[in-house]
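Scroll down for the structure; my scribbles are underneath it.
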Amino acid sequence: MITGTRAKLSVIVLQAFFQLFQVESVSFTPAWWVSAPCVFQSWFVKPYFNSFVTRTNTCGELRSAHVGQKVTLYGWVQYQRQGLFLVLRDFQGLTQIIIPQDEAHSHVKELLSNAPVESVVRVTGIVSSRPLGQENPKMPTGDIEVKAETAEILNSCKKLPFEIKDFIKKSEALRMQYRYLDLRSFRLQSNLRLRSQMVMRMREYLCNLHGFVDVETPTLFKRTPGGAKEFLVPSREAGKFYSLPQSPQQFKQLLMVGGLDRYFQVARCYRDEGSRPDRQPEFTQIDIEMSFVDRAGIQRLIEGLLQHSWPEERALIMTPFPSMTYEEALAEYGTDKPDTRFGMKIMDIGDVLRGSDIHFVQNALSYPHGSIKAICIPQGVVSDCSALGALRLFSASLLEAAGLALRDPTAFHFLWVVDFPLFLPKAKNPTELESAHHPFTAPHPSDASLLYSDPTKVRSQHYDLVLNGNEVGGGSIRIHSAEQQRFVLEKVLKEDSEVLSHLIEALEFGAPPHGGIALGKLLFLLNS
12 MITGTRAKLS VIVLQAFFQL FQVESVSFTP AWWVSAPCVF QSWFVKPYFN
62 SFVTRTNTCG ELRSAHVGQK VTLYGWVQYQ RQGLFLVLRD FQGLTQIIIP
112 QDEAHSHVKE LLSNAPVESV VRVTGIVSSR PLGQENPKMP TGDIEVKAET
162 AEILNSCKKL PFEIKDFIKK SEALRMQYRY LDLRSFRLQS NLRLRSQMVM
212 RMREYLCNLH GFVDVETPTL FKRTPGGAKE FLVPSREAGK FYSLPQSPQQ
262 FKQLLMVGGL DRYFQVARCY RDEGSRPDRQ PEFTQIDIEM SFVDRAGIQR
312 LIEGLLQHSW PEERALIMTP FPSMTYEEAL AEYGTDKPDT RFGMKIMDIG
362 DVLRGSDIHF VQNALSYPHG SIKAICIPQG VVSDCSALGA LRLFSASLLE
412 AAGLALRDPT AFHFLWVVDF PLFLPKAKNP TELESAHHPF TAPHPSDASL
462 LYSDPTKVRS QHYDLVLNGN EVGGGSIRIH SAEQQRFVLE KVLKEDSEVL
512 SHLIEALEFG APPHGGIALG KLLFLLNS
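Take any residue in the sequence shown, note its place counting from 1, add 11, and you have its number in the numbering used here.
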């Protein structure tokens, strides 16, 4: 919020601006808007879509206030009915076009009546109110129609492989083959614009409000030990290759060593692994790094960032987000990314069954740390599913299929999961350790001494942001000591530290304490 002298100055500047351009309200007209300075344009949320183009209006903006105006529209023919009218579509919406029936406009009638669906046309005509009783309340432009006077087919469309309608089901393969046609659908148009708006608001929050610097980092780099497999790019020298970075992790740490203090980037990342519904071989993440910060500072930053950029049409999000430890998440939900929109927590019922004569129950309880755990199914619904851990979610799906509402699809339940283990046993060789996340994560301050005596017991300063059972972000406070980084690589992970010699050397030149986070799947989930 602007306060004090800046607030007074802003009011004076706005008043001068309104007087200069003779603006009386926020319903702006094209002439002064195009000539207005960009700094003033950016203050207003609603953009003007008709600058620099030959149309007068979009197909989604005409209302009763435009009745009597002569307009020129461009768009695609959504459908046409019996040579009487057609519906014109563009990125913003639909407008009904009345095809003239008089002899004077016979050429316009013939042209529009024979225009194939999805042809690109230009129509000029007069906006009029729809006849009483023929209004369409489901359309934003449903109170008006445009009576065509002139028209031109700018490009005719051949027979389509599928209809451009959201409710028409198409195979994924067909959609990918004709991606450019699929992009004409309102759903995908909305998704792309939502993403654009959120990223713009994130830039505003980070750069304009909190002094972050947008830095573009290299795409061609050297191999990073650990993590996912990397794509290789051959160089002009035989036998030598570049790697495409899994993330800008090392670059942003080097930027902190360079004293940049606050960095962010809308970063492209690459991983040579099988595609999943929520991740492709290349994807985008909001990448952030800060100097002199702790976990609480990163969490407050992200909560403020999401509140600032959150779409108005989505359910409100409340801050601060709740938090739980990694061990609590596993104990209560059987996963490190729990969906907290519904209960059905895992409960220990060992004390209840300890006196029973059921043999396998007593056998399980006889082991050290032995326990019997269960999930309480609501409303007495019985499922034959062994609903523990990941099966808790499967049970929820079964219950919802049976008509029980558990997970609100419009709700957004954020959760911080903290205190992850720093290292985990390797799946193929449990006697060896690997990083639970990546080798640059700092140990928890309370466990720092255990790093040199019993690294399996060390907690990390890693934190995940979870939304409705999906990990949408992850980050950590980093190791900023060259000695500690070398020990982790060589003694704990048994990696060749020479591969990261450039980073280790950088840490020796007065590297500040630093940490960061990357948000990856958030936009995907919002669009799902």
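All C-beta atoms, glycine included, are put in the ideal place defined by N, C-alpha and C.
task: If I'm right that Leu217 touches Phe275 with Cβ under 8 Å, what's the distance once you round it to whole angstroms?
output: Within the sequence shown, numbered from 1, the residue matching residue 217 stands at position 206. Within the sequence shown, numbered from 1, the residue matching residue 275 stands at position 264. So it is a contact: roughly 5 Å between Cβ atoms.
- prompt: Quick one: what's got a C-beta closer than 8 Å to Phe423's C-beta in the same chain, skipping five residues either side?
  reply: Looking up residue 423 in the sequence shown gives position 412. Answer for Phe423: Arg325, Ala326, Ile328, Leu478, Asn479, listed in chain order.
- prompt: Would you call the region 454-463 and the region 414-428 in contact, with 3 or more CB pairs under 8 Å?
  reply: no
- prompt: Using the beta-carbon count (16 or more within 10 Å), is Thr40 buried or exposed?
  reply: For the purposes of this step, residue 40 is taken as residue 29 along the sequence shown, with counting starting at 1. Confidence is the limiting factor: at Thr40 the pLDDT is only 46, short of 50, which leaves the residue's position unreliable and the question unanswerable from this model.
message: Considering only their Cβ atoms, is the gap separating Phe431 from Ser471 smaller than 8 Å?
response: Taking the sequence shown and counting its residues from 1, one reaches residue 471 at position 460. Taking the sequence shown and counting its residues from 1, one reaches residue 431 at position 420. Yes. Within cutoff.
- prompt: Does the beta-carbon distance from Arg282 to Ala340 come in below 8 Å?
  reply: Position 271 of the sequence shown, counting from 1, holds the residue named residue 282. Position 329 of the sequence shown, counting from 1, holds the residue named residue 340. The answer is no: Cβ separation not under 8 Å.
- request: Have a look at Ile515 and Ala493 and give me their C-alpha separation to the nearest angstrom.
  value: Taking the sequence shown and counting its residues from 1, the one referred to as residue 515 is at position 504. Taking the sequence shown and counting its residues from 1, the one referred to as residue 493 is at position 482. When rounded, the distance between both Cα atoms is 5 Å.
task: Output the distance between the C-alpha atoms of Ala142 and Gly222, rounded to the nearest integer angstrom.
output: Numbered from 1 along the sequence shown, position 131 holds the residue referred to as residue 142. Numbered from 1 along the sequence shown, position 211 holds the residue referred to as residue 222. One point to set straight first is that residue 142 is Pro, not Ala, in the sequence displayed. Taking the straight line from one Cα to the other gives about 55 Å.
task: Identify, in the order they occur along the chain, each residue of the same chain with its Cβ nearer than 6 Å to the Cβ of Lys468, setting aside the five sequence neighbours on each side.
output: For this step, residue 468 is matched to residue 457 along the sequence shown. Contacts found: Leu461.
task: Would you decide whether Gln260 is buried or exposed? Buried here means 16 or more other CB atoms lie within 10 Å of its CB.
output: In the sequence shown, counting from the first residue as 1, residue 260 sits at position 249. Per the 10 Å Cβ criterion, buried.
- prompt: Where does Glu445 land, buried or exposed, given buried means 16+ other C-beta within 10 angstroms?
  reply: If you number the sequence shown from 1, residue 445 lands on position 434. Counting Cβ neighbours within 10 Å, Glu445 comes out buried, since at least 16 surround it.
Range of the contiguous beta strand (DSSP E) that encloses Lys2: Past the edges of the chain, shown from 12 to 539, lies residue 2, and the structure says nothing about it.
- request: Could you tell me how far apart the beta carbons of Glu163 and Asp154 are, in whole angstroms, since I believe they sit closer than 8 Å?
  value: Working through the sequence shown from its first residue, we reach residue 163 at position 152. Working through the sequence shown from its first residue, we reach residue 154 at position 143. Between Glu163 and Asp154 the beta-carbon gap is near 27 Å, outside 8 Å, which marks them as no contact.
field: Backbone CA spacing between Leu265 and His491 [nearest angstrom]
entry: Within the sequence shown, residue 265 is the residue found at index 254, counting from 1. Within the sequence shown, residue 491 is the residue found at index 480, counting from 1. If you take the alpha carbons of Leu265 and His491, they lie about 11 Å apart.
message: Looking at the strands, I want to know which residues DSSP matches up with Ala529.
response: Counting from one through the sequence shown, the residue named residue 529 turns up at place 518. Bridge partners of Ala529: Asp298, Gly485.
- request: Give the secondary structure of Asp419 by DSSP, where H, G and I count as helix, E and B as strand, and everything else as coil.
  value: In the sequence shown, residue 419 corresponds to position 408, counting from 1. Of the three classes helix, strand and coil, the one that applies to Asp419 here is coil, per DSSP.
query: In chain order, what residues of the same chain have a beta carbon less than 6 Å from the beta carbon of Trp54, not counting five sequence neighbours either side?
result: For this step, residue 54 is matched to residue 43 along the sequence shown. At Trp54, the pLDDT of 45 sits below 50, so the modelled position is not reliable; the number obtained from the coordinates is stated separately. Here the set comprises nothing.
field: Backbone secondary structure at Pro172 - three-state DSSP
entry: Numbered from 1 along the sequence shown, position 161 holds the residue referred to as residue 172. Coil, per DSSP.
- prompt: Do Thr228 and Phe252 have their CB atoms nearer than 8 Å?
  reply: Position 217 of the sequence shown holds residue 228. Position 241 of the sequence shown holds residue 252. No, these two residues do not count as a Cβ contact at 8 Å.
query: In terms of residues, what are the limits of the beta strand (DSSP E) holding Arg282?
result: Indexing the sequence shown from 1 puts residue 282 at position 271. Unbroken run through Arg282: none, as it is neither H nor E.
- prompt: Excluding the five sequence neighbours on either side, which residues of its own chain have a C-beta within less than 8 Å of the C-beta of Arg279, listed in chain order?
  reply: On the sequence shown, residue 279 is found 268 positions in, with the first residue counted as 1. Once the five neighbours on either side are set aside, the close Cβ partners of Arg279 are Thr230, Glu293, Phe294, Thr295.
- prompt: Under three-state DSSP, which class holds Phe353?
  reply: Along the sequence shown, read from residue 1 onward, the residue named residue 353 stands at position 342. Looking at Phe353 - three-state DSSP - the assignment turns out to be coil, as it is neither helix nor strand.
message: If you reduce the DSSP assignment to three classes, tell me which class Phe520 lands in.
response: Position 509 of the sequence shown, counting from 1, holds the residue named residue 520. Under the three-state reduction of DSSP output, Phe520 falls in the coil class, being neither helix nor strand.
- prompt: On the premise that Gly526 lies in contact with Ile313, defined as a C-beta separation below 8 Å, what is that separation, rounded to the nearest angstrom?
  reply: Counted from its first residue, the sequence shown places residue 313 at position 302. Counted from its first residue, the sequence shown places residue 526 at position 515. At roughly 12 Å, the Cβ-Cβ gap does not stay under 8 Å, so Ile313 and Gly526 are not in contact.
- prompt: Which partner residues of Gly86 appear in the DSSP bridge assignment?
  reply: Stepping through the sequence shown from its first residue, residue 86 is reached at position 75. In the DSSP output, where bridge partners are listed per residue, Gly86 has Val132.
task: Please work out which residues of its chain come closer than 8 Å, Cβ to Cβ, to Trp427, disregarding the five sequence neighbours upstream and downstream, and give them in chain order.
output: The residue labelled residue 427 in the question sits at position 416 within the sequence shown. Excluding residues within five positions, the ones whose Cβ falls inside 8 Å are Gln310, Phe332, Pro333, Ser334, Met335, Tyr474, Asp475, Leu476, Val477.
field: N-terminal and C-terminal residue of the beta strand (DSSP E) that Met335 is part of
entry: Position 324 of the sequence shown holds residue 335. That run of the beta strand (DSSP E) goes 334-336.
task: Go to Leu203, then tell me how far its alpha helix (DSSP H) extends in each direction, as first and last residue.
output: Residue 203 sits at position 192 when you count from the first residue of the sequence shown. 197-214 is the extent of the alpha helix (DSSP H) around Leu203.
task: Could you pull out every residue in the same chain whose Cβ sits closer than 7 Å to the Cβ of Trp321, ignoring the five residues on either side in sequence?
output: Counting from one through the sequence shown, the residue named residue 321 turns up at place 310. Taken in chain order, the residues that qualify are Ile328.
query: Which residues bound the beta strand (DSSP E) around Arg100?
result: Along the sequence shown, one-based indexing puts residue 100 at 89. Looking at the DSSP string, the run of the beta strand (DSSP E) that includes Arg100 is 96-100.
field: Of the residues Asp101, His319, Phe405, Leu97, the one placed nearest Gln107, counting alpha carbons only
entry: As a first step, residue 107 must be located in the sequence shown, where it is residue number 96. Checked all of Asp101, His319, Phe405, Leu97; the closest Cα to Gln107 is Leu97.
query: Alpha carbon to alpha carbon, what distance is there between Lys233 and Asp225?
result: One-based indexing of the sequence shown puts residue 225 at position 214. One-based indexing of the sequence shown puts residue 233 at position 222. Those two C-alpha atoms are separated by around 23 Å.
- prompt: How far does the alpha helix (DSSP H) with Phe431 in it reach, from first residue to last?
  reply: Working through the sequence shown from its first residue, we reach residue 431 at position 420. Element bounds for Phe431: n/a, residue is neither H nor E.
- request: State the DSSP-derived secondary structure class of Thr467, mapped to helix, strand or coil.
  value: Start at 1 with the first residue of the sequence shown, and residue 467 comes out as number 456. Thr467: helix per DSSP, three-state reduction.
- prompt: Starting from Phe498 and walking both ways along the alpha helix (DSSP H), at which residues does that stretch end?
  reply: Stepping through the sequence shown from its first residue, residue 498 is reached at position 487. Where Phe498 is concerned, the enclosing alpha helix (DSSP H) stretches over 493-498.
query: Once you ignore the five residues that flank Leu534 on each side, which residues in its own chain have a CB closer than 6 Å to its CB?
result: Position 523 of the sequence shown, counting from 1, holds the residue named residue 534. Excluding residues within five positions, the ones whose Cβ falls inside 6 Å are Arg206.
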